[in-house]
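Notes follow once the structure below has been shown.
Protein chains: 4
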Amino acid sequence: MGVTKLAYQASQEEHSIEITNVQALEGLVKARMEKGAFGYIAGGAEDEWTLRENGVAFDHKHIAPRVLKNIEKPDLSTTFMGIDLKIPMIAAPIAAQGLAHEQGEIDTAKGVAAVGSIMSLSTYSNKTISETCDGGTGGPQFFQLYMSKDEKFNRFLLDQAKKVGMKAIILTADSTLGGNREADSINHFTFPIPMANLAEYGEGEGQGIAAIYANAKQTLSLEDIKTISDYTDLPVFVKGIQSPLDIDDIIEAGAKGVWVSNHGGRQLDGGPASFDVLESIAKKVNKRVPIVFDSGIRRGSHIFKALASGADVVAIGRPMVYGLHLGGAQGVQSVFEHLSKELTIDMQLAGTKTVDDIKKTELI
Amino acid sequence: MGVTKLAYQASQEEHSIEITNVQALEGLVKARMEKGAFGYIAGGAEDEWTLRENGVAFDHKHIAPRVLKNIEKPDLSTTFMGIDLKIPMIAAPIAAQGLAHEQGEIDTAKGVAAVGSIMSLSTYSNKTISETCDGGTGGPQFFQLYMSKDEKFNRFLLDQAKKVGMKAIILTADSTLGGNREADSINHFTFPIPMANLAEYGEGEGQGIAAIYANAKQTLSLEDIKTISDYTDLPVFVKGIQSPLDIDDIIEAGAKGVWVSNHGGRQLDGGPASFDVLESIAKKVNKRVPIVFDSGIRRGSHIFKALASGADVVAIGRPMVYGLHLGGAQGVQSVFEHLSKELTIDMQLAGTKTVDDIKKTELI
Amino acid sequence: MGVTKLAYQASQEEHSIEITNVQALEGLVKARMEKGAFGYIAGGAEDEWTLRENGVAFDHKHIAPRVLKNIEKPDLSTTFMGIDLKIPMIAAPIAAQGLAHEQGEIDTAKGVAAVGSIMSLSTYSNKTISETCDGGTGGPQFFQLYMSKDEKFNRFLLDQAKKVGMKAIILTADSTLGGNREADSINHFTFPIPMANLAEYGEGEGQGIAAIYANAKQTLSLEDIKTISDYTDLPVFVKGIQSPLDIDDIIEAGAKGVWVSNHGGRQLDGGPASFDVLESIAKKVNKRVPIVFDSGIRRGSHIFKALASGADVVAIGRPMVYGLHLGGAQGVQSVFEHLSKELTIDMQLAGTKTVDDIKKTELI
Amino acid sequence: MGVTKLAYQASQEEHSIEITNVQALEGLVKARMEKGAFGYIAGGAEDEWTLRENGVAFDHKHIAPRVLKNIEKPDLSTTFMGIDLKIPMIAAPIAAQGLAHEQGEIDTAKGVAAVGSIMSLSTYSNKTISETCDGGTGGPQFFQLYMSKDEKFNRFLLDQAKKVGMKAIILTADSTLGGNREADSINHFTFPIPMANLAEYGEGEGQGIAAIYANAKQTLSLEDIKTISDYTDLPVFVKGIQSPLDIDDIIEAGAKGVWVSNHGGRQLDGGPASFDVLESIAKKVNKRVPIVFDSGIRRGSHIFKALASGADVVAIGRPMVYGLHLGGAQGVQSVFEHLSKELTIDMQLAGTKTVDDIKKTELI
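Read top to bottom, the protein sequences are chains V, A, D and S. Each residue of the first sequence is one higher than the one before, starting from 1 at the first, in UniProt numbering. Each residue of the second sequence is one higher than the one before, starting from 1 at the first, in UniProt numbering. Each residue of the third sequence is one higher than the one before, starting from 1 at the first, in UniProt numbering. Each residue of the fourth sequence is one higher than the one before, starting from 1 at the first, in UniProt numbering.
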């Protein structure tokens with residue numbers, strides 16, 4: 001407490017990275033990153049059963065190789081929410097990317113723009129909304145809102161999101177309080193660098209996750225969708241959906257998108273693997289609104305399976321942050337490019353020329 | 001035999017304990033406790049398949065996270081057998097708690113009362129019925145009866161239970177003889193301190209489990225329910241239920257409660273996981289009498305899943321005893337508080353405000 | 001070849017043994033026994049998948065503990081083929097027991113008789129039929145016939161079996177050639193002591209398994225049942241049944257008993273676990289003839305599960321031979337007594353008073 | 001690049017090899033072979049999930065031992081595509097066998113001919129078509145075509161295949177680009193010796209797999225079947241089938257055979273195990289054309305299970321190449337003989353006298 005704490009040393013790397021597979025980056029990051037930061041990024045809730053199952057679940061369905069389909073150079077581009085994407089994957093809204101890199105969300109936004117995709121910026125970013133958008137290359141961005149008990153702060157955030165031209169608001173619905181993450185507890189982890197939007201608004205540095213969540217609005221309700229939507233005139237995605245039982249309610253309440261996610265296994269341990277619930281949710285959505293899928297994607301084949309199970313795009317979380325740590329904006333770009341390379345091979349071997357072809361594929 | 005055996009040194013700790021998760025306490029206890037005592041407490045029957053499966057079984061069903069349910073500060077209180085509880089968990093009736101702590105059941109009762117729950121006192125306690133009730137803080141208690149062949153001893157116990165104001169009798173039905181616990185056999189374990197009720201009645205110290213069980217009444221029958229009930233005028237729970245086939249019989253014979261348990265995997269190895277049979281039993285009970293569930297609970301999510309599968313409350317066994325060993329009454333309290341903290345998070349993330357909401361939840 | 005080989009040193013132990021569980025004996029035996037002999041006894045075919053699965057399969061069904069059934073001192077006795085047995089388990093016909101003990105099958109027969117059960121003597125024993133029966137204590141015995149291409153040798157064996165009063169002939173039907181056991185191949189295992197019946201008939205010592213099997217009759221057919229039956233006037237069991245498709249044929253051909261076994265996983269690797277096929281076979285048999293079950297029994301609960309799935313008695317193989325090695329006749333007795341102790345506990349806890357009660361139990 | 005690279009040292013062994021089981025050869029090869037070459041031969045795509053599952057899948061079905069079927073000396077011969085085979089297994093068309101042995105495909109062809117089976121020669125062989133056929137012993141051969149973008153090269157290959165009397169063309173349909181094999185990427189593997197047919201045609205040595213595949217025709221289509229068939233007047237097998245959905249199309253397009261394979265788990269990781277899809281494909285084929293099965297065969301019991309699930313013959317890949325490395329032509333012969341020995345035992349124990357009997361067997 002009375003000890004002078006050395007300033008947190010984040011990565012300053014700026015270069016493309018060589019990737020065998022994106023999961024293998026985790027070990028490299030673990031060897032370089034401060035233990036508490038790594039625990040916060042890589043860890044999950046409690047026994048990490050749901051975290052592990054998020055990965056295992058992709059083995060529950062299989063892609064049948066198909067032959068003689070006259071395929072060449074599969075096309076990974078897609079249109080999502082009226083935005084043309086070069087790849088069917090976008091950035092997941094990861095908090096506190098300053099832990100991974102000095103340039104934090106600015107570099108992530110650059111990397112994501114370079115691959116022709118969408119940046120998702122968290123409320124709990126280490127760069128402000130305006131920094132990230134100015135620092136980016138003008139690619140499309142979504143803003144992820146963690147609603148505060150302080151309505152003024154919510155409006156402060158939404159005002160800026162609107163001002164910088166965010167294309168959608170992602171309402172974080174699965175995190176009205178923080179998951180029980182044991183690594184953070186064991187490491188007595190507190191954020192070593194300020195949450196930029198909170199700081200700009202006048203709050204601060206050196207908080208634990210508990211302190212951050214202390215201001216979170218717990219009483220999120222269906223009405224919040226309309227409030228945000230009306231206030232911003234932007235489409236609202238509800239993020240953290242894991243049950244078909246929530247679908248009708250949120251669509252009727254005005255949601256323009258469903259974001260299937262269990263927060264990368266960081267919230268409710270003992271919940272199902274995210275991929276295991278995707279198909280039943282997609283059936284319930286029945287194409288009324290688009291679906292983003294995340295939690296567990298580490299391979300091109302995972303992306304293929306998610307798209308074939310009802311997702312319109314997938315979001316990439318930890319691997320993107322590992323790329324950020326190891327190579328800055330170019331590292332982020334390398335991660336998306338590697339996943340694209342894997343997906344391209346899978347598409348070719350599965351006889352699918354386009355993202356729409358993937359969506360029509362029946363897994364076995 | 002001719003060797004002077006040193007007196008058993010039980011823990012005298014009296015303080016709250018820091019808990020990452022309650023299962024992790026087992027390792028701490030193992031490192032401190034006399035080997036034979038630890039083997040007796042932690043071990044299960046034969047290959048410990050049922051013991052392990054008790055834990056694994058909770059992964060057979062999952063809690064779907066739910067969103068935008070307008071939940072805040074979930075309420076863990078419930079009413080059970082007309083008793084108001086602050087939490088939906090009670091003490092399991094663990095024998096020989098003097099192995100864990102010098103104050104044994106007295107401290108457990110204090111800790112349990114402090115968290116607003118029910119103490120269950122075993123026949124084979126190291127503190128007498130009156131010591132435990134006097135030493136406690138006046139919280140509600142149940143008495144667990146292991147019936148003896150000696151009817152006089154049974155009446156001796158029930159007289160006291162009634163005298164001190166016990167709220168119910170738990171008839172141990174799954175232990176007419178001891179399970180085949182190999183750790184006890186390998187450690188040549190005998191109880192180093194007297195079973196207090198036996199001692200008070202005039203029996204003694206230094207017995208092996210076999211000797212203790214030698215006096216157990218094996219010919220337990222449905223009639224015993226009525227006999228106990230008539231003699232005490234107290235509701236009788238039958239503990240050790242694992243089959244729906246027993247339900248009609250025991251309810252018709254006068255049981256006022258069903259206690260689903262496989263004795264923590266200590267009796268019949270090769271039996272099912274306790275959680276795996278809960279739902280079918282609850283369906284058979286069909287709310288005619290309340291249900292207590294135990295065997296394998298180590299997480300708030302386990303409690304949630306048990307309540308959602310038909311239990312009215314759960315009972316906590318080994319983790320409670322570990323808390324007792326590590327911190328006395330306050331350690332017991334810490335264990336229940338930690339589980340409550342986990343359950344609170346689960347309730348919030350699952351969109352359940354009350355214990356009744358949990359009971360209405362459909363697991364996936 | 002030109003090297004003088006030291007005579008095989010078999011065990012000469014003669015005392016009861018302390019048993020925690022019978023599977024644990026395997027490690028003790030491995031540490032004492034000559035490597036090739038141990039490999040022959042303990043090993044299975046190829047990848048030993050079926051061998052391992054024989055054990056795992058018992059976890060596919062569970063014994064539901066039952067309560068308040070007024071049970072005391074369960075009765076393990078049963079009647080099998082008109083023979084009164086004290087326990088529902090008999091000796092499996094293990095070959096070459098001289099590898100385990102100098103007294104070989106003589107001691108096994110003594111031990112089995114002492115526990116009130118049936119000895120099964122293999123054609124490939126290291127003691128002759130007459131030695132085993134003279135050396136035994138007069139308990140009932142079955143003779144297991146491996147049919148030879150030499151009809152004269154078959155008659156030589158059956159003549160003796162009849163002469164000494166064998167109660168039944170077990171026709172080995174699953175071993176018209178030897179399984180592909182890699183341990184034997186790696187160890188270049190040959191039998192270090194003569195097959196006594198072959199030696200008496202005039203064949204010999206120092207053969208590999210291949211040589212032994214070279215004389216085996218491969219063209220076993222349904223007609224052999226009647227031939228043996230007519231020649232001996234004894235009931236014929238067909239051993240090695242794993243498919244319901246064989247049942248009608250063998251019963252119509254005159255079999256008086258079905259012996260469900262996959263030879264302890266020593267013959268066809270990639271076949272099902274023996275316990276997994278028992279129930280469907282028992283349904284097909286439909287009580288027309290009695291059923292013996294073996295392959296994988298290591299616990300009282302396994303015996304319980306086999307009886308509840310259609311077996312009339314079970315046969316004990318490797319554990320019995322381990323007992324023989326470690327303690328001679330008394331060691332054999334210890335093994336059966338230990339399994340009886342476990343089964344007694346299981347019966348008590350499952351609310352079953354008799355073997356017939358077990359047979360009526362529905363596993364879950 | 002400027003460094004003089006030592007010439008690749010391939011094996012020159014020429015002798016039969018002792019085999020416990022063919023999978024165990026992998027470790028022996030690994031200890032002797034250059035790392036990059038071993039990685040190329042043994043490795044699979046990405047996480048190697050499909051590679052491992054190819055083996056595990058055989059445990060999903062079981063061979064029921066059958067008794068008293070009057071079987072002796074099972075007959076492994078079969079007729080396939082009008083060719084008499086002594087065994088129901090043929091050579092899989094493995095590329096670059098010069099990595100394993102100096103005599104490469106020549107020795108393989110000799111070994112395969114010696115066991116009375118069919119050699120399959122890859123486009124990417126290290127010996128030319130004419131070398132392999134001249135060097136062989138005149139046994140039947142199939143030619144595996146990897147179609148090039150260069151139609152002239154395709155015709156060059158087919159002209160020779162026809163000229164040397166190949167009996168069929170295997171159209172590789174699952175490899176329009178290379179799988180994502182991480183071992184090759186980690187080892188920076190390039191082929192150290194020329195692809196003989198490319199070299200003869202005028203292309204070369206020292207290429208990575210990527211370079212090889214750069215010339216591959218990606219736009220393979222159903223029309224290619226007819227083109228090849230018309231050009232060569234030979235039956236065309238389509239290799240790499242994993243989905244029943246492809247069957248009608250390829251048969252209607254003129255395919256005279258279906259080759260069920262996932263390229264040994266080297267192409268699309270996340271696809272099903274090859275054995276798991278065999279039965280549904282065979283049902284769809286419904287005997288209109290013959291079926292070859294490969295990917296994962298390591299045991300006689302695997303061959304049995306594949307034949308019982310609809311295959312007419314199986315193809316042996318890696319184990320054959322391991323035999324080639326360890327013993328040249330005789331090593332190849334040893335591998336097929338060992339598998340034949342295992343299959344013979346399985347047939348005897350399963351009560352099947354002929355390959356047709358196996359095909360009629362129902363697995364359980």
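Every residue gets a Cβ at the ideal spot worked out from N, C-alpha and C, and that includes glycine.
Interface with chain S (8 Å Cβ-Cβ cutoff): Glu26 of chain V is excluded.
Looking at the backbone, the Cα of Leu307 of chain S and that of Asp357 of chain S are separated by about 10 Å. With a beta-carbon spacing of about 6 Å, Glu105 of chain A and Leu121 of chain A fall inside the 8 Å limit used to define contacts. The beta carbon of Asn154 of chain D sits closer than 6 Å to those of Met147, Ser148, all from its chain and outside the five residues before and after it, given in chain order.
Between Leu339 of chain S and chain D, the shortest Cβ-Cβ separation is not below 8 Å.
For Leu68 of chain D, the nearest CB of chain A lies under 8 Å from its own CB, placing it at the interface with that chain. Residues Arg298 of the same chain have their beta carbon placed closer than 6 Å to that of Gln23 of chain S, with the five preceding and five following residues left out of the count.
In this structure, the straight-line span from the alpha carbon of Gly36 of chain A to that of Gly265 of chain V is close to 39 Å.
Shown here for Phe80 of chain A: same chain residues with a beta carbon closer than 7 Å to its own, the five before and five after excluded, namely Pro290, Asp312, Val313 in chain order. Ile241 of chain A has its alpha-carbon roughly 27 Å from the corresponding atom of Glu342 of chain A.
For the options S:Lys284, S:Phe38, S:Asp276, the alpha carbon positioned closest to that of Ile250 of chain S is the one of S:Lys284. Taking the beta carbon of Asp224 of chain A as reference, the chain D residues within 8 Å of it are Leu68, listed in sequence order. With respect to chain A, the C-beta atom of Thr219 of chain V has a partner C-beta closer than 8 Å. DSSP lists V:Ser11 as the bridge partner or partners of His101 of chain V. Runs of the alpha helix (DSSP H) lying entirely within the segment 208 to 264 of chain V, each at least 4 residues long, are 209 to 214, 222 to 232, 247 to 252 in chain order.
Per the C-alpha coordinates, the member of D:Ala7, D:Ser16, D:Ser11, D:Ala10 positioned closest to Phe336 of chain D is D:Ser16. Between Thr50 of chain S and Lys162 of chain S a beta carbon distance of about 35 Å is seen, past the 8 Å cut, so the two are scored as non-contacting.
DSSP places Val332 of chain V within a helical segment (H, G or I) once states are collapsed to three.
If the five residues before and after Leu25 of chain D are omitted, its C-beta is found closer than 6 Å to the C-beta atoms of Tyr322, all from its own chain and listed in chain order.
DSSP places Asp84 of chain V in no alpha helix (DSSP H) but in the uninterrupted beta strand (DSSP E) bounded by 83 to 85. Contact of Pro65 of chain A with chain V is assigned, a C-beta pair being separated by under 8 Å. Inclusion of Lys110 of chain A and Ala315 of chain A in the CB contact set at 8 Å is not warranted, their separation being larger than that value. Distances from the alpha-carbon of Asn215 of chain A to those of A:Leu245, A:Phe237, A:Lys152, A:Ala183 put A:Lys152 closest. Residues of the same chain with a CB within less than 7 Å of the CB of Ile83 of chain V, apart from the 5 flanking positions on each side, are Ile118, Pro140, Lys167 in chain order. Here Val313 of chain D carries a strand assignment [DSSP, helix/strand/coil].
Within 7 Å of the CB of Leu349 of chain S, the CB atoms of chain D belong to Asp174, Gln267, Leu268, in sequence order along the chain. Using a 10 angstroms sphere on the CB of Glu252 of chain D, the tally of other CB atoms stays under 16, which defines it as exposed. Under the Cβ criterion (8 Å, minimum of three pairs), the segment 128 to 136 of chain V does not count as touching the segment 221 to 238 of chain V.
Using a CB distance cut-off of 8 Å, Arg299 of chain D counts as an interface residue toward chain A.
Look at the beta carbons and you see the segment 270 to 284 of chain D not touching the segment 180 to 199 of chain D: under three pairs across the two are nearer than 8 Å. Within the same chain, and ignoring the five residues on either side of Thr344 of chain V in sequence, the residues whose Cβ sits closer than 7 Å to its Cβ are Pro74, Leu76.
When secondary structure is reduced to three states using DSSP, Ser120 of chain V falls in the strand class. With distances taken between CA atoms, Phe304 of chain A lies nearest to A:Lys61 out of A:Ser261, A:Val112, A:Asn70, A:Lys61. Within the same chain, Cβ atoms closer than 6 Å to the Cβ of Lys353 of chain S are found at Ile71, Pro74, the five residues on either side in sequence being excluded. When beta bridges are read from the DSSP output, Asp75 of chain S appears opposite S:Thr354. Close CB contacts of Tyr8 of chain D within its chain, under the 6 Å cut and outside five residues either way in sequence, are with Pro192, Ile193 (chain order).
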